[in-house]
Amino acid sequence: MLPEATLRKGGASVSESPQSGKKSLAASAVLMGFIILFSKALGLYRDILVASAYGSSAAGVAYETASKLPVTIFDFVLGGVVTAAFIPVYNSLAVQKGKKEALAFAQSYVNLILLVTGVLSVAGVVFAPGLVRFMAPDLVPETAALAARLTRIMFPMVIFVGLAFSFVGFLQSEGEYNIPALISLVSNLIMAGYLLLFNERFGVYGLSAAMLAGWIAQAAVQIPSAVKRGFRYRLTAPLNTPEIGRAAKNTVPILVATWTTPVCSIINTRLASGIERGRGIIALGYANRLYIIIVGLFSFVATNLLFPYFARAAASGNAEESDRLTRTSLRTLVFIIAPIATGVAVLSVPFVGLIYERGEFTGNDTILTAAALSMYSAGMLFSACGEVLTKAFFAAEKTKLPMIASLVSMAFNAAALYGGRAILGERFGVGAIALTTALSAGVNMGVNLVFAFRRGMISSRTSDWADIAKSVASALVMGAVVHVLFGLAGSLGVGRLTGFILCALAGAAVYALCALVLKSGEMTGLCAAVRDRLRVKSAGKDSETDSGSTEGGAFHD
């Protein structure tokens, strides 16, 4: 956050004091957190319904494969470019030339995204069978044919994915974070409603149509807010403007920098299609969604809330503020995610079983999915911290550095996956695939961190490293204790749900205690904030008591 943040309201500039800015940022973070938490919970409920209805059946494998294709291809062709190329240019124009110029750029940018995604959609529908064969070459013919038909239903959603993320970039630049945070809530409601009410009648074809409808809704729900903030769609908005050229100049580096996820997804799906007649795709898919829910809840808030602040700090040349934002984000994410990742790794089997194991999702599916999730958890910290570093580079328009990091991690991922498969053969299962993906995220983060230090994007302070080490050490102690406790609970015949809850609570207590003993900066700050809050409430009650006594005296002799 800038020390003297500038907020634009209807084209006017309003100065915001540092204290009020901090309160506004904190309030936005809390509200975004609650919205995203509810949305993630609903998304998890949607996944539970899908798992229960289809499990690892042929229809389930076909749907999982087909639903990956539009998103993966979109990520490969546009991906993070939609918002990452838009936000820095829009904010720079708004600060330097005014909101009118910024809005004109937004109009042209939306037209460009619609053009690219329209062409992409037509190509996806036409070449769906070939895309399925490329994505999952080892599927049996009947499952592959069904996946191709489902792909043709879902592929037009790339148009609305592009439009939705264009509006996300615009609204976040205008200081509106809550509406963008709500969009997945809308699509999850649509899909959950379909599964509860219409799935028995229309089956997996209707489910594919519901996913398309969900993305249409994600774009549509943002339109009123965008219009309120001055956006008007103009079909004739030109594409050959200097501002579009500036955004396009950053497109290739940003695009390559975000390729790690789609490339890993393609390779993972190709390899998993040959594991237990495609059941490996199901296991990796459900494990990855749990992984995304956990990491996304915290990293989404941190990166999407802070990205416009990074961009404004970069636009005003405030390197000190960018450094502070980056260091604080990294320390906080490690403090929050380290114990969660450790707990998920240790308790992966009961965790997956409690969430998914019902209906068509069997105990064998649980074991396979848990094997993937426990390995994915090793990459939670790397992924979240890497996202912060990448967004800091994008905000400063230093896009080539994350691109290099992404290329290095992709090369590592491909070499490790295909090398491991060649050495281990059939023993190279979903756990090995997931672990390789996690290590790839670590390579990506490591290279970005080296670049950040060398380019002065972030300063290296002993206190930061010490706090990070304390968080990791506390999480490891917690993991060891939880592992012992869960084994003990099983030997005593404690039920899976009860054992899981008791171990999770005990783990949280052990982590907090270790962090306190080690005097972690984040834990110390959290305790201080709680004490201050209690002190304020206590002072308020004392004030009310004194006021009541005075008023009472006026009514007595």
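So for the sequence shown, the numbering used here puts the first residue at 853; every next one is plus one.
Every residue gets a Cβ at the ideal spot worked out from N, C-alpha and C, and that includes glycine.
Inset, instruction - Ignore the nearest five residues each way along the sequence and tell me which others in I1035's own chain have a CB closer than 7 Å to its CB. - result: A1016, Q1070, V1073, Q1074
Inset, instruction - Could you name each continuous beta strand (DSSP E) segment of 3 residues or more that falls completely within the segment 980-1044, going from the start of the chain to the end? - result: none
Legend entry - The alpha helix (DSSP H) enclosing A1089, as first and last residue numbers: No alpha helix (DSSP H) holds A1089; DSSP gives it neither H nor E.
Legend entry - Sequence-distant residues of the same chain with beta carbon closer than 7 Å to P1090, five excluded per side: S960
Legend entry - Assumed close pair G1359, P1191 - CB separation to whole angstroms, cut-off 8 Å: 7 Å
Legend entry - Counted within 10 angstroms of its Cβ, other Cβ atoms place R1131 as buried (16 or more) or exposed: Result: buried.
Inset, instruction - Let me know the secondary structure DSSP gives Q1074 once reduced to three states. - result: coil
Inset, instruction - With a threshold of 16 other CB atoms inside 10 Å of the CB of I1275, please say whether the residue is buried or exposed. - result: exposed
Legend entry - Burial state of F1245 (16 or more Cβ within 10 Å): buried
Legend entry - Inside the segment 1215-1254 only - alpha helix (DSSP H) runs reaching at least 4 residues: 1215-1228, 1232-1247
Legend entry - C-alpha distance - V1346 paired with I1005, whole-angstrom precision: 46 Å
Legend entry - C-alpha gap between M1330 and L1087, whole angstroms: 57 Å
Legend entry - Sequence-distant residues of the same chain with beta carbon closer than 7 Å to I1146, five excluded per side: I1192, V1196, M1232
Inset, instruction - Compute the Euclidean distance between the alpha carbons of G873 and N963, then round it to the nearest angstrom. - result: Note that G873 has pLDDT 48, beneath the 50 cutoff, so the model's placement of it is unreliable and no number is given.
Legend entry - K1322 versus E1374: straight-line alpha-carbon distance, rounded: 10 Å
Inset, instruction - Please classify K949: does DSSP put it in a helix, a strand, or coil? - result: coil
Inset, instruction - Using the Cα positions of A1284 and R1122, report the straight-line distance between them to the nearest angstrom. - result: The straight-line gap from Cα to Cα measures roughly 14 Å.
Inset, instruction - On a CA-only basis, which of K952, V1186, L1136 is nearest V1324? Give me that one, please. - result: V1186
Inset, instruction - Please state whether DSSP places M1375 in a helix, a strand or coil. - result: helix
Inset, instruction - Apply the 10 Å Cβ neighbour rule to P989 and answer buried if 16 or more other Cβ atoms are within range, or exposed otherwise. - result: exposed
Inset, instruction - Taking the CB atoms as reference points, tell me whether I887 and L1037 lie closer together than 8 Å. - result: yes
Inset, instruction - My understanding is that M987 touches M1063, with C-beta atoms under 8 Å, so please give their C-beta distance in whole angstroms. - result: Not a contact, Cβ separation roughly 17 Å.
Legend entry - Residue nearest to S1311 in terms of C-alpha spacing, selected from I1119, E1173, S973: Nearest option by C-alpha distance: E1173.
Inset, instruction - Would you identify the three-state DSSP class for M1309, choosing helix, strand or coil? - result: Of the three classes helix, strand and coil, the one that applies to M1309 here is coil, per DSSP.
Legend entry - Cβ pair S1018, V934 closer than 8 Å: yes
Inset, instruction - Mark G1405 as exposed unless 16 or more other C-beta atoms lie within 10 angstroms of its C-beta, in which case mark it buried. - result: Per-residue confidence for G1405 stands at a pLDDT of 40, beneath the threshold of 50, marking its modelled position as unreliable; the derived number appears in the next sentence. Looking at its Cβ environment, which holds fewer than 16 other Cβ atoms inside 10 Å, G1405 is exposed.
Legend entry - Reduced DSSP secondary structure (H/G/I, E/B, other) of G873: Interpretation of G873 is limited by its pLDDT of 48, a score under 50 that renders its predicted location unreliable; no figure is taken from the coordinates.
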